[in-house]
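Peer 1: Letter by letter, the sequence shown follows residues 4 to 182 in the numbering used here. The beta-carbon is built from N, C-alpha and C at its ideal position, and this holds for glycine as well.
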Amino acid sequence: MEYASGEYLLLLNNDIKILTPDWMEQMLMHAQRDEVGAVGAKLYYPDMTIQHAGIVNLPMGPVHKMQFAQDGKVYYDKRNRGIHNVCAVTGACLMMRKALFEQLDGMSMELPVAFNDVALCFSAMEQGYFNVICCDSYLLHHESISRGQDTSEEKRGRLLRERSKLYEMFPKQVSFDAF
Numbered sequence: 004m005e006y007a008s009g010e011y012l013l014l015l016n017n018d019i020k021i022l023t024p025d026w027m028e029q030m031l032m033h034a035q036r037d038e039v040g041a042v043g044a045k046l047y048y049p050d051m052t053i054q055h056a057g058i059v060n061l062p063m064g065p066v067h068k069m070q071f072a073q074d075g076k077v078y079y080d081k082r083n084r085g086i087h088n089v090c091a092v093t094g095a096c097l098m099m100r101k102a103l104f105e106q107l108d109g110m111s112m113e114l115p116v117a118f119n120d121v122a123l124c125f126s127a128m129e130q131g132y133f134n135v136i137c138c139d140s141y142l143l144h145h146e147s148i149s150r151g152q153d154t155s156e157e158k159r160g161r162l163l164r165e166r167s168k169l170y171e172m173f174p175k176q177v178s179f180d181a182f
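1. Going along the chain, which unbroken runs of the beta strand (DSSP E) with 3 or more residues stay wholly within the segment 11-59?
2. Using only alpha-carbon positions, find the residue among K81, G160, N60 that is nearest to A122.
3. Please report how far the alpha carbon of S178 lies from the alpha carbon of A91, in whole angstroms.
4. Relative to the C-alpha of L13, which residue among Y141, K101, Q130 is closest?
5. Determine contact between the segment 13-25 and the segment 59-73, defined as no fewer than three beta-carbon pairs at a distance below 8 Å.
6. State the CB to CB distance for the pair A72 and Y78, rounded to an integer number of angstroms; the pair is presumed to be in contact (CB under 8 Å).
7. Would you be able to state if there are at least three C-beta pairs under 8 Å between the segment 163-180 and the segment 92-99?
8. Quick check on DSSP: helix, strand or coil for G160?
9. Would you check if the distance between the CB atom of M128 and the CB atom of N119 is smaller than 8 Å?
10. With D139 as the anchor, note down where its alpha helix (DSSP H) starts and where it stops.
11. Buried or exposed for Q130, going by 16 or more other Cβ atoms inside 10 Å?
12. Is it the case that the Cβ atoms of A117 and E156 are separated by a distance below 8 Å?
13. Could you check the C-alpha separation between A34 and M99 for me, to the nearest Å?
14. Leaving out the 5 sequence neighbours to the left and right, which residues in its chain are closer than 6 Å to K68 when beta-carbon positions are compared?
15. Give me the Cα-Cα distance between G109 and K175, rounded to the nearest whole angstrom.
16. Whole angstroms are fine: how far does the CA of A44 sit from the CA of L114?
17. Name the residue from A7, Y11, L15 whose alpha carbon lies nearest to the alpha carbon of D37.
18. Using 7 Å as the cut-off, classify the Cβ of L123 as near or not near the heavy atoms of the ligand HEM, replying yes or no.
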């Protein structure tokens, strides 16, 4: 991040299409708050089902909240609308103060492909920050279009190894989600 000169960092995948004109301003409004770590936006698949409305940390590991849900109705506790605290947001669209990113030592090199975004958010949370999902800012995400899905035996094995490494790094987060 030595080349980033701004006060805020935006991690944004190359397979994202903007759907909400003021999405960045909405995310920045929350990223500026002292108590906030990472900020994310709601992501849709191309068929307009929800891909990401924050991350929930289940006993099987971190997964996208409300993944594959239709967004036409309001779900429990309005989790697909508004602003909510979550344990993590996806690095496909993640905003954070640059100083905090550096304080947290950025993305873990021990997790080269998966869960490095979750590790960053867990680190922020364990330092007392809140991670926020802005469900009124939404983008279209052609998930894994660059690297492909984790369906091969080799990629699935890497995913499981990286999930194990995540919990080795953050043992307090195993099967725990405060939100």
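Peer 2: On the basis of the coordinates in this document:
1. Segments of the beta strand (DSSP E) lying fully in the segment 11-59: 11-15, 19-21, 39-47, 53-55.
2. Of K81, G160, N60, the residue nearest in Cα terms is N60.
3. The alpha-carbon separation between S178 and A91 amounts to approximately 14 Å.
4. Comparing Cα-Cα distances from L13 to each of Y141, K101, Q130, the minimum goes to K101.
5. Segment contact: the segment 13-25 against the segment 59-73, fewer than three CB-CB distances shorter than 8 Å; contact not assigned.
6. Between Y78 and A72 the Cβ distance is about 7 Å, and since that is below 8 Å, they are a contact.
7. No contact exists between the segment 92-99 and the segment 163-180.
8. Note: G160 maps to helix in three-state DSSP.
9. No, they are not a contact pair.
10. Element bounds for D139: not the alpha helix (DSSP H) but the beta strand (DSSP E), 133-144.
11. Under a 10 Å Cβ-count criterion, Q130 is classified as exposed, with fewer than 16 other Cβ atoms of the shown protein chains found around its own Cβ.
12. Not closer than 8 Å, so no.
13. Their backbone Cα atoms lie some 6 Å apart in a straight line.
14. For K68, where only same-chain residues beyond five positions count, the Cβ hits under 6 Å are A56, G57, V59.
15. Going from the Cα of G109 to the Cα of K175 covers about 20 Å.
16. Taking the straight line joining both Cα atoms gives about 22 Å.
17. Minimum Cα distance to D37 is reached at Y11.
18. The ligand content of the structure shown is nil, which means the ligand HEM is not present either.
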